[in-house]
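Going line by line, the protein sequences match chains A and B.
When you line the first sequence up against our numbering, it's residues 765 to 879, in that order.
When you line the second sequence up against our numbering, it's residues 1041 to 1156, in that order.
No residue lacks a Cβ here, since even glycine has one placed at the ideal position from N, Cα and C.
None of the values given here were measured: they were computed from a predicted structure.
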Amino acid sequence: AQSVAQPEDQVNVAEGNPLTVKCTYSVSGNPYLFWYVQYPNRGLQFLLKYITGDNLVKGSYGFEAEFNKSQTSFHLKKPSALVSDSALYFCAVRGPSGSARQLTFGSGTQLTVLP
Amino acid sequence: DTGVSQDPRHKITKRGQNVTFRCDPISEHNRLYWYRQTLGQGPEFLTYFQNEAQLEKSRLLSDRFSAERPKGSFSTLEIQRTEQGDSAMYLCASSLGAGSNTGELFFGEGSRLTVL
């Protein structure tokens, strides 16, 4: 069975500092990896994805994520955090075929950017 | 607004009652998903449709739960004989065929169920 771990429930960072939200995964076959963001009282929004190719993927709002196959990780990063980045972030994985094609989400990491 | 819409946004019911949630996906999207999210957890997959066909159901979807997408457009999720453990946010998402192969789902804002 596929799974995602987000080891930090909460990440606090000062505005202007770099941020990292961690994610590790487990899946059979080549992973399809995603980050979604959830703002208060809003639906989940797609941020970025890794399917194949360059290990560093860029997404919306200046976010990027690095795929590391040997460490089975897909950490979300941003060089300079904004207060408006404060939200709940979910990492998700799916496998290449069959029932594993449905997204499995992590438990989420609450990011707070302090002014 | 051309996004995914869900109704009602909030539902409070007594244990044992039936509830129904509706989801209207983005109009050109042929795939529709239902997820459940409880506090402090990520969304958990329940079921998905391609057009009107229900192609997969999670083991989380007990026989008290039923979902339909009769004309391949909107979908309903019905919970019969609700239990307190059913209290959660029920999320609907949709995607195009290509999007479903790459996981780009478009989510609604959810329907929050509270069972007293």
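Does the pairing of the segment 842 to 861 of chain A with the segment 1051 to 1069 of chain B give three or more beta-carbon distances under 8 Å? The segment 842 to 861 of chain A, when compared against the segment 1051 to 1069 of chain B, does not touch it at the 8 Å Cβ threshold.
What would DSSP say about S1106(B), mapped onto helix, strand or coil? As a first step, residue 1106(B) is located in the second sequence; it is residue number 66 there, counting from the start. S1106(B) carries a strand assignment under DSSP once its states are collapsed to helix, strand and coil.
Between Q796(A) and K813(A), which are expected to be in contact by the criterion C-beta below 8 Å, what is the C-beta distance as a whole number of angstroms? Here residue 796(A) refers to the residue found at position 32 of the first sequence. Here residue 813(A) refers to the residue found at position 49 of the first sequence. Residue identity differs from the one stated: residue 796(A) is Tyr in this sequence, not Gln. That belief holds up - the Cβ atoms of Y796(A) and K813(A) are roughly 7 Å apart, short of 8 Å.
Taking a contact to mean a Cβ-Cβ separation below 8 Å, would you say A1128(B) touches Y1073(B) in this structure? Translated into positions along the second sequence, residue 1128(B) becomes position 88. Translated into positions along the second sequence, residue 1073(B) becomes position 33. With respect to the 8 Å criterion, A1128(B) and Y1073(B) are not classified as neighbours on the basis of their beta carbons.
Reference E828(A); option with closest CA among Q835(A), L820(A), S834(A): Indexing the first sequence from 1 puts residue 828(A) at position 64. The shortest C-alpha separation from E828(A) is found at L820(A).
So with CB distances below 7 Å, who are the chain B contacts of S871(A)? In the first sequence, counting from the first residue as 1, residue 871(A) sits at position 107. Within 7 Å Cβ-Cβ: G1080, Q1081, G1082.
With DSSP collapsed to three states, give me the class of S1127(B). Here residue 1127(B) refers to the residue found at position 87 of the second sequence. The answer is coil: DSSP assigns S1127(B) none of H, G, I, E or B.
Where S824(A) sits in the DSSP three-state scheme: Here residue 824(A) refers to the residue found at position 60 of the first sequence. Of the three classes helix, strand and coil, the one that applies to S824(A) here is helix, per DSSP.
Look at S850(A) and Q1081(B) and say whether their C-beta atoms are less than 8 Å apart. Residue mapping note: residue 850(A) aligns to position 86 of the first sequence, counting from 1. Residue mapping note: residue 1081(B) aligns to position 41 of the second sequence, counting from 1. Contact flag unset, no.
Using the Cβ count rule (16 or more neighbours within 10 Å means buried), how would you classify V847(A)? Within the first sequence, the letter at position 83 stands for residue 847(A). Around the Cβ of V847(A), a 10 Å sphere holds fewer than 16 other Cβ atoms; the residue is exposed.
Please list, in chain order, the residues of the segment 1084 to 1101 of chain B that have any C-beta partner in chain A closer than 9 Å. So the close ones are E1084, F1085, Y1088, E1096, S1098.
Shorter than 8 Å from the beta carbon of F1105(B) to some beta carbon of chain A? The count along the second sequence starts at 1 and reaches residue 1105(B) at position 65. By this cut-off, F1105(B) is not an interface position.
How would you call S1115(B), buried or exposed, if buried means at least 16 neighbouring beta carbons within 10 angstroms? In the second sequence, residue 1115(B) corresponds to position 75, counting from 1. S1115(B) counts as buried, since no fewer than 16 other beta carbons sit within 10 angstroms of its beta carbon.
Do the CB positions of V775(A) and G859(A) come within less than 8 Å of each other? In the first sequence, counting from the first residue as 1, residue 775(A) sits at position 11. In the first sequence, counting from the first residue as 1, residue 859(A) sits at position 95. Taking 8 Å as the cut-off, the Cβ atoms of V775(A) and G859(A) do not count as close.
With 8 Å set as the bound, which would you pick, yes or no: does the beta-carbon of L1156(B) sit closer than that to a beta-carbon of chain A? The sequence position of residue 1156(B) within the second sequence is 116, counting from 1. Under the Cβ distance rule, L1156(B) does not count among the residues neighbouring chain A, no pair being separated by less than 8 Å.
Cβ shell of T876(A) (< 8 Å), same chain only, five flanking positions each side left out: Stepping through the first sequence from its first residue, residue 876(A) is reached at position 112. Once the five neighbours on either side are set aside, the close Cβ partners of T876(A) are Q774, V775, N776, V777, S850.
Report yes or no: do three or more beta-carbon pairs, one from the segment 1076 to 1095 of chain B and one from the segment 1103 to 1117 of chain B, lie closer than 8 Å? The answer is yes - the segment 1103 to 1117 of chain B touches the segment 1076 to 1095 of chain B, with three or more Cβ pairs under 8 Å.
Does the distance between the C-beta of S1102(B) and the nearest non-hydrogen atom of the ligand GTP fall short of 7 Å? The ligand GTP is not part of this structure, which contains no ligands at all.
Using a Cβ-Cβ cutoff of 9 Å, what residues of the segment 786 to 808 of chain A are near chain B? List them in chain order. Within the segment 786 to 808 of chain A, the qualifying residues are Y796, L797, F798, Y800, Q802, N805, R806, G807, L808.
Assuming Q1107(B) and T1122(B) are in contact, meaning their beta carbons sit under 8 Å apart, how far apart are those beta carbons, in whole angstroms? The residue given as residue 1107(B) occupies position 67 in the second sequence. The residue given as residue 1122(B) occupies position 82 in the second sequence. For the sequence presented, residue 1107(B) should be read as Ala rather than Gln. Their Cβ separation, rounded to whole angstroms, is 15 Å, which puts A1107(B) and T1122(B) out of contact at 8 Å.
Nearest to G737(A) by CA position, among K833(A), Q874(A), S767(A), H839(A), is which residue? Within the shown structure, residues of chain A are numbered from 765 to 879, placing residue 737(A) beyond reach of any answer.
Is there a C-beta anywhere in chain B that falls below 8 Å from the one on Q774(A)? Your numbering for residue 774(A) matches position 10 in the first sequence. Chain B contact via Cβ: absent.
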